[in-house]
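Chemist: Right, I'll just put the structure down here and ask away after.
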Amino acid sequence: MKEIVIAMVLLSSFLFFYAILKRLLLKSNKVQDRVNRYLMDAKQDEKQQKKQEKPKFSFTFTKKQIRKKVLTKEKNVKLEAALNRAGLPLKPEEYIMFQWIAVSLCAGLFYLLFERIFLLPVGAMIGYFVPKFILLKKQRDRLKAFNDALPEMITTLIGGLRAGFSFQQGLKSVMEEAASPMKEEVEMVLREMQYGASVEDSLNRWKDRMPSEDLDLMIQAIIIQRQVGGNLATVLEKIVETIRARIKIQGQISTLTAQGRLSGLIVGLLPVILGFMLYIIEPNYIGVLFEHPFGIILMVAASISSLLGFIFIKKVTTIEV
Numbered sequence: 065m066k067e068i069v070i071a072m073v074l075l076s077s078f079l080f081f082y083a084i085l086k087r088l089l090l091k092s093n094k095v096q097d098r099v100n101r102y103l104m105d106a107k108q109d110e111k112q113q114k115k116q117e118k119p120k121f122s123f124t125f126t127k128k129q130i131r132k133k134v135l136t137k138e139k140n141v142k143l144e145a146a147l148n149r150a151g152l153p154l155k156p157e158e159y160i161m162f163q164w165i166a167v168s169l170c171a172g173l174f175y176l177l178f179e180r181i182f183l184l185p186v187g188a189m190i191g192y193f194v195p196k197f198i199l200l201k202k203q204r205d206r207l208k209a210f211n212d213a214l215p216e217m218i219t220t221l222i223g224g225l226r227a228g229f230s231f232q233q234g235l236k237s238v239m240e241e242a243a244s245p246m247k248e249e250v251e252m253v254l255r256e257m258q259y260g261a262s263v264e265d266s267l268n269r270w271k272d273r274m275p276s277e278d279l280d281l282m283i284q285a286i287i288i289q290r291q292v293g294g295n296l297a298t299v300l301e302k303i304v305e306t307i308r309a310r311i312k313i314q315g316q317i318s319t320l321t322a323q324g325r326l327s328g329l330i331v332g333l334l335p336v337i338l339g340f341m342l343y344i345i346e347p348n349y350i351g352v353l354f355e356h357p358f359g360i361i362l363m364v365a366a367s368i369s370s371l372l373g374f375i376f377i378k379k380v381t382t383i384e385v
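For the sequence shown, my numbering gives the first residue as 65, with consecutive numbering after it.
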């Protein structure tokens, strides 16, 4: 019976998350929306107004309340910048909503699985950090994709400059040929220049949006060249050689430290997996660890030791180039 309840909770949670994602993330057809808006008759307008008369049950009302009561101006700016770096089409208040849902869901699942009240805060804590972990992973993946595309972007820009294009025209040719996320970033830089921002300000804001060391190197070279003069194509060609050499060294380091990183992953996950398997095979045998005070102390000590071991191994195998 307990397994059936857990399965139903998981299925309901999946459907609930799917409905919210479909409501918030899927982009509607703008042209079709405009056509429907102009072709909508009076009855449909009345129905739409009646639906809007109940804001308490809409996501819009909830997001406005979160924006007013939870998010400060500074926190809103930081969270919006983090979401932009990750490439997620979410607003800060929508991210806060998902975080609350994850906290409630994980706390409830921990209680259903272990039937211990004192584990509710543990589940809530895990639910609180899961969206942050996903956000950080999205940022790392997007930054890696950006860094991988940066040498080709600079090479295209060099070709445009040698063909007689201006810097803005070279960026435009890059935007037309590049893929995501390079395309979106270059498009934003060009849009800022078209709105009246200087080249230096647009590039500095680009560096703030995308914390890439290789991009910082390229931008500093461009700014210095605009101040003192020189052949920008030659400067960028040297930067491309430096970036490609760094990427090659990073690949070699990643290959040499693969065994150590795998050991750290095993050290971190093996106790958790083993404890979960023992709980499934013989719940009464391992249940003493969650009931007896001495067992709880051992669990806390083991968790801290495993976490420290994972952190130390990660520090040893992380080599900056």
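From the three backbone atoms N, C-alpha and C, an ideal C-beta is built for every residue, glycine too.
Name the residue from F376, R310, M246, F374 whose alpha carbon lies nearest to the alpha carbon of M217.
Modeler: Indexing the sequence shown from 1 puts residue 217 at position 153. When C-alpha distances from M217 are compared across F376, R310, M246, F374, the shortest belongs to M246.
Chemist: Output the boundary residues of the alpha helix (DSSP H) element that contains L169.
Modeler: If you number the sequence shown from 1, residue 169 lands on position 105. Unbroken alpha helix (DSSP H) run through L169: 156-178.
Chemist: Does DSSP classify L207 as helix, strand or coil?
Modeler: Working through the sequence shown from its first residue, we reach residue 207 at position 143. Reduced to three states, the DSSP call for L207 is helix.
Chemist: Compute the beta-carbon to beta-carbon distance between I350 and L342, rounded to the nearest angstrom, for a pair I have assumed lies under 8 Å.
Modeler: Sequence index remark: in the sequence shown, residue 350 carries index 286 (1-based). Sequence index remark: in the sequence shown, residue 342 carries index 278 (1-based). Indeed they touch by this definition, with Cβ atoms about 5 Å apart.
Chemist: Using a threshold of 8 Å, state whether the C-beta atoms of K302 and I283 are closer than that.
Modeler: Taking the first residue of the sequence shown as position 1, residue 302 is located at position 238. Taking the first residue of the sequence shown as position 1, residue 283 is located at position 219. Cβ atoms of K302 and I283: not closer than 8 Å.
Chemist: Which one of A242, A366, R204 has the shortest CA to CA distance from P215?
Modeler: Along the sequence shown, one-based indexing puts residue 215 at 151. The shortest Cα separation from P215 among A242, A366, R204 belongs to A242.
Chemist: Which word fits D278, buried or exposed, when buried means at least 16 other C-beta atoms lie within 10 angstroms of its C-beta?
Modeler: As a working note, residue 278 is residue 214 in the sequence shown. Under this definition D278 is a buried residue.
Chemist: I need the straight-line Cα distance from F229 to S369, nearest angstrom please.
Modeler: Reading the sequence shown from its first residue, position 165 is the one you call residue 229. Reading the sequence shown from its first residue, position 305 is the one you call residue 369. When rounded, the distance between both Cα atoms is 59 Å.
Chemist: For a quick check, are the C-beta atoms of L152 and K202 less than 8 Å apart?
Modeler: As a working mapping, residue 152 is identified with position 88 in the sequence shown. As a working mapping, residue 202 is identified with position 138 in the sequence shown. L152 is a Cβ neighbour of K202, given a cutoff of 8 Å.
Chemist: In terms of alpha-carbon separation, which member of R226, M189, E264 lies closest to V299?
Modeler: By one-based count along the sequence shown, residue 299 stands at place 235. Comparing Cα positions, the closest option is R226.
Chemist: Would you kindly work out how many angstroms separate the C-alpha atoms of K378 and I311, rounded to a whole number?
Modeler: Within the sequence shown, the letter at position 314 stands for residue 378. Within the sequence shown, the letter at position 247 stands for residue 311. Looking at the two C-alpha atoms, the distance is approximately 20 Å.
Chemist: Where do the ends of the alpha helix (DSSP H) carrying I288 lie?
Modeler: Sequence index remark: in the sequence shown, residue 288 carries index 224 (1-based). Start and end: 277-292.
Chemist: Kindly indicate which residue of P275, K196, E264 has the alpha-carbon position closest to the one of I288.
Modeler: Walking along the sequence shown from the start, residue 288 turns up at place 224. Of the listed residues, the one whose Cα sits closest to I288 is E264.
Chemist: Could you check what DSSP says for F229 in three-state terms: helix, strand or coil?
Modeler: Against the sequence shown, residue 229 aligns to sequence position 165. Three-state DSSP puts F229 in coil, outside helix and strand.
Chemist: Alpha helix (DSSP H) containing Y343: first to last residue?
Modeler: Position 279 of the sequence shown, counted from the first residue, corresponds to residue 343. From DSSP, the alpha helix (DSSP H) with Y343 extends over 322-345.
Chemist: Between which residues of its own chain and V99 is the CB-CB distance below 6 Å, once the five residues before and five after are set aside?
Modeler: For the purposes of this step, residue 99 is taken as residue 35 along the sequence shown, with counting starting at 1. Here the model assigns V99 a pLDDT of 42, short of 50, so the residue's position is not dependable, and the following value carries that caveat. Excluding sequence neighbours, V99 sits near nothing in its chain.
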